[in-house]
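Asker:
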Amino acid sequence: MTPVPITDFLSVMEQLIKLHNRLFDRLAQQFSLSHTEIQLILFLSSHPGRRIAQDIVRLRLLSKASVSRAVESLRKKGYLDCQTSETDRRSVQLTLSPKAQDVLQENRRLQQEMLSALLQDVPAEDYQTMMSVIERMNRNAARLLAVKPFNGV
Numbered sequence: 030m031t032p033v034p035i036t037d038f039l040s041v042m043e044q045l046i047k048l049h050n051r052l053f054d055r056l057a058q059q060f061s062l063s064h065t066e067i068q069l070i071l072f073l074s075s076h077p078g079r080r081i082a083q084d085i086v087r088l089r090l091l092s093k094a095s096v097s098r099a100v101e102s103l104r105k106k107g108y109l110d111c112q113t114s115e116t117d118r119r120s121v122q123l124t125l126s127p128k129a130q131d132v133l134q135e136n137r138r139l140q141q142e143m144l145s146a147l148l149q150d151v152p153a154e155d156y157q158t159m160m161s162v163i164e165r166m167n168r169n170a171a172r173l174l175a176v177k178p179f180n181g182v
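So in our numbering, the last one in the sequence shown is 182, and the numbering has no gaps at all.
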């Protein structure tokens, strides 16, 4: 098999990121939220064991300042409940309020709409193969990222 240049993969990822940003734009407009606020809501929904701002900073590669601003804004808008930890006063537990469910539901609907459009002419067998390859590439990328340095980088 002839290797595909990495730029081809990056080009596809860039297009998918643009589509994903469009989805975020629609959510942002509909709910008057920033992209960072949407990311926080989605993160807390998909990572129930990760409920502190530091987890979001570390795992989403966002700045502390932007996460702090987004947390405060979401709290004021009623999407987020914040509770200071009883064991560590510096730690604040973040919990989505029922109001956030509307954002999550619309996000799921928009993601399904986007995925359906992306896979419009893709046979189920090709989709399964693609998902298998993506899973392997993800495992390989995680393994390579754990090795420092990688080929002198």
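C-beta: ideal position from N, C-alpha, C; glycine also.
Can you tell me which of the three DSSP states T116 falls into?
Answerer: coil
Asker: What are the residues that DSSP puts in a beta bridge with V121?
Answerer: In the DSSP assignment, V121 is bridged to T113.
Asker: Have a look at N136 and Q59 and give me their C-alpha separation to the nearest angstrom.
Answerer: 11 Å
Asker: Between which two residues does the alpha helix (DSSP H) harbouring V151 extend?
Answerer: Segment: none, V151 is in no alpha helix (DSSP H) and carries neither H nor E.
Asker: Quick check on H76: does DSSP put it in helix, strand or coil?
Answerer: coil
Asker: When you compare only the Cα positions, how much space is there between L174 and L88?
Answerer: 14 Å
Asker: Secondary structure at L52, three-state DSSP: helix, strand or coil?
Answerer: helix
Asker: Between V121 and the rest of its own chain, which residues show a CB-CB distance below 6 Å, the 5 nearest in sequence each way excluded?
Answerer: For V121, where only same-chain residues beyond five positions count, the Cβ hits under 6 Å are C111 and T113.
Asker: In the DSSP assignment, the alpha helix (DSSP H) including V176 goes from what residue to what residue?
Answerer: Neither: V176 is in no alpha helix (DSSP H) and is coded neither H nor E.
Asker: What is the C-beta distance between A99 and S63, in whole angstroms, given that I count them as a contact (C-beta under 8 Å)?
Answerer: 7 Å
Asker: Rounded to a whole number of angstroms, what is the C-alpha to C-alpha distance between P34 and D155?
Answerer: P34 and D155: Cα-Cα distance of roughly 21 Å.
Asker: Find out if the Cβ-Cβ distance for the pair L139, L69 is shorter than 7 Å.
Answerer: no
Asker: By the DSSP assignment, the alpha helix (DSSP H) with I85 in it spans what residues?
Answerer: A82 to R89
Asker: Helix or strand or just coil, what does DSSP make of L156?
Answerer: Looking at the sequence shown, residue 156 is not Leu but Tyr. Reduced to three states, the DSSP call for Y156 is helix.
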